[in-house]
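Residue numbers (mature numbering (1 follows the signal peptide of the UniProt record, and there is no 0)): -23 to -1, 1 to 564. C-beta: ideal position from N, C-alpha, C; glycine also. Encoded as structure tokens, the structure appears first; notes follow it.
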């Protein structure tokens, strides 16, 4: 099965007018990848309905020991995984790419015969010698290795990136959001498959470094190699990452408004010191924005970490991948750094319960860029970015399908919402904020992220949430039933249309929505110098508009609605691109 090109960062790159193909067109000095064994359909897929066997266990701890050989583009690894039974079980079911051969498995320290396990298609099934009772604990050690799947266009596709720095040194990174954690370690490849704790040991040739998730416990010299030991709490499965290179380190401490001190680290390539220092200066300002608007940085006892990568970027927990080339943008901040950092709140602190709820990661994550522009410079960048987002909507499929989905179904632009989980999610949040006001909007956001309205360092842990959870939170905070709002914006593909009819001095407004669903979204109308709000009960409202008087519907652009000129503009762009392509093809 061949997946479509990844939409993750393509969607983001167009947000602020940045080149959407930066990672694809400028992959450092990455050579053309040789042919590799195809992934099984099981490994390509991430998420979906969790198998009953996986739901029966709680993932307590993962100890991952991974030795990286950049020359041979291989890994040699041992994963020691600990589980507690939620329900009685006689089997462990894990996910691991079958192209990484397993050399042996031990259960509670004892070798298992090869007849006790199998991994024909990337679903590793381990038969336990006896039934594990509820509350029982089990530890499995899996030794494996080989050539992990190579990503040709990371992060659009998943795998390892084996690259070289400009001066020819090894530069390695992983990016596995789409296909999942099973591309390089045995895991539960589900949004709800997080282990409580991960100890990651990465062994690399000297003098290379291996920045990782969480807190650096120690570095051990082993002859011509060294091993970095990192420890991370509750990491999102796809956010556990491998990074290897000749990095230099910028670090400082941030004094939080909540009284704690947050370490900041930026691992950058030699030769980029001046650019790296300029980018590092953005870290405290971004931290302050998120802590003011959303709440405490969720991983303040670990770090705010960023590493320079040979691909565009990814929200790896406490070690965000950054490959934006230190590009300058029109809004006074690095959009990629800000977007990936937003996922520490929306993705790593609150994680979608199912891929069908991925808009929680990407809709909120995308809305943070306009919101940050407003925080820095006022309304002009805020509305400019929202307007740019508005021209990206497709509205072909609902943002939320209402059923469990695989990752590729959600990101599929031809058969799923695709980029709309970014842009439509963001624009819907703008309209919701205008509807319920800042106080209710940000309290609802905090409750979604932290599970409580009063987060402080130490009184919350990472959590899961789905779309219905968020709707319930908004209803609780506002004291209103706003199901109608989300039913149209998230569970329908088409945008609501505002029909306007004028007869004499009366202007009649009517909402037209799919399936004639209730949609009493208030509409502001400016008549002359006066702005009035029509409550639009039953989806309709009227207002007197004397002849010759200036009339502007929705003067503050609060409403996400169908606007005929937007698809007309997009069709014109397509036609223009097609005309330009013909002479190029002829040449």
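In angstroms, rounded to a whole number, what distance separates the CA positions of residue i and residue j?
i	j	result
residue 555	residue 548	11 Å
residue 278	residue 316	21 Å
residue 59	residue 83	12 Å
residue 196	residue 85	28 Å
residue 335	residue 370	16 Å
residue 87	residue 387	41 Å
residue 258	residue 477	49 Å
residue 91	residue 64	26 Å
residue 459	residue 99	43 Å
residue 275	residue 447	19 Å
residue 135	residue 383	15 Å
residue 314	residue 518	44 Å
residue 286	residue 299	6 Å
residue 327	residue 271	12 Å
residue 426	residue 319	12 Å
residue 293	residue 171	13 Å
residue 199	residue 51	19 Å
residue 249	residue 137	23 Å
residue 442	residue 521	45 Å
residue 545	residue 412	28 Å
Can you tell me which of the three DSSP states residue i falls into?
i	result
residue 76	coil
residue 25	coil
residue 205	strand
residue -2	Low confidence applies here, because residue -2 scores a pLDDT of 26, under 50, leaving its location unreliable; read the following figure in that light. The answer is helix: DSSP assigns residue -2 an H, G or I state.
residue 35	strand
residue 297	strand
residue -11	In this prediction, residue -11 has a pLDDT of 36, which is less than 50 and means its spatial position is unreliable; nothing more can be read from the coordinates.
residue 332	helix
residue 549	helix
residue 121	strand
residue 539	coil
residue 114	strand
residue 467	coil
residue 144	coil
residue 513	coil
residue 87	strand
residue 210	strand
residue 106	strand
residue 340	helix
residue 220	strand
residue 260	helix
residue 51	strand
residue 243	strand
If contacts are defined as beta-carbon pairs under 8 Å, then residue i and residue j qualify, I think. What distance do you get, rounded to the angstrom?
i	j	result
residue 528	residue 472	About 22 Å; that fails the 8 Å criterion.
residue 22	residue 385	7 Å
residue 449	residue 380	Residue 449 to residue 380, Cβ: 19 Å. No contact.
residue 283	residue 301	Not a contact, Cβ separation roughly 11 Å.
residue 222	residue 246	7 Å
residue 80	residue 360	Contact flag wrong, Cβ pair sits at about 58 Å.
Kindly list the residues whose CB is nearer than 8 Å to the CB of residue i, restricted to its own chain and excluding five residues on each side of it in sequence; keep chain order.
i	result
residue 526	504 and 505
residue 469	375, 490, 491, 492 and 494
Using a Cβ cut-off of 9 Å (strictly closer), state whether residue i contacts chain D.
i	result
residue 332	No chain D is part of this structure, which consists of one protein chain only.
With a threshold of 7 Å on Cβ separation, who are the neighbours of residue i within its own chain once the five nearest residues in sequence on each side are excluded?
i	result
residue 438	211
residue 229	241
residue 252	303
residue 42	54, 55 and 178
residue 30	66, 68 and 70
residue 77	121, 122, 123 and 125
residue 14	76
residue 558	none
residue 363	347, 404 and 407
residue 367	404 and 543
residue 349	266, 310 and 315
Beta-carbon within less than 6 Å of residue i's beta-carbon, same chain only, minus the 5 sequence neighbours each way: which residues are those?
i	result
residue 57	40 and 118
residue 552	none
residue 115	60 and 109
residue 410	418
residue 467	376 and 377
residue 194	206 and 208
Are there three or more Cβ pairs, one per stretch, closer than 8 Å when the region 182 to 195 is compared with the region 411 to 418?
no
Using 8 Å as the cut-off, can you tell me whether the region 212 to 222 makes contact with the region 161 to 176, which would need three or more C-beta pairs spanning the two stretches below that distance?
yes
Does the pairing of the region 199 to 208 with the region 144 to 156 give three or more beta-carbon distances under 8 Å?
no
If contact is defined by three or more beta carbon pairs under 8 Å, each pair taking one atom from either stretch, is the region 404 to 411 in contact with the region 425 to 437?
no
At least three beta-carbon pairs within less than 8 Å, the region 61 to 75 to the region 128 to 135:
no
Count the CB pairs spanning the region 226 to 246 and the region 317 to 324 that are closer than 8 Å, and state whether there are at least three.
no
Does the count of Cβ pairs from the region 224 to 240 and the region 307 to 316 closer than 8 Å reach three?
no
Measuring CB atoms only, is the region 338 to 356 touching the region 388 to 399, in the sense that at least three cross pairs come out at less than 8 Å?
yes
Between the region 456 to 476 and the region 529 to 539, can you find at least three pairs of beta-carbon atoms closer than 8 Å?
yes
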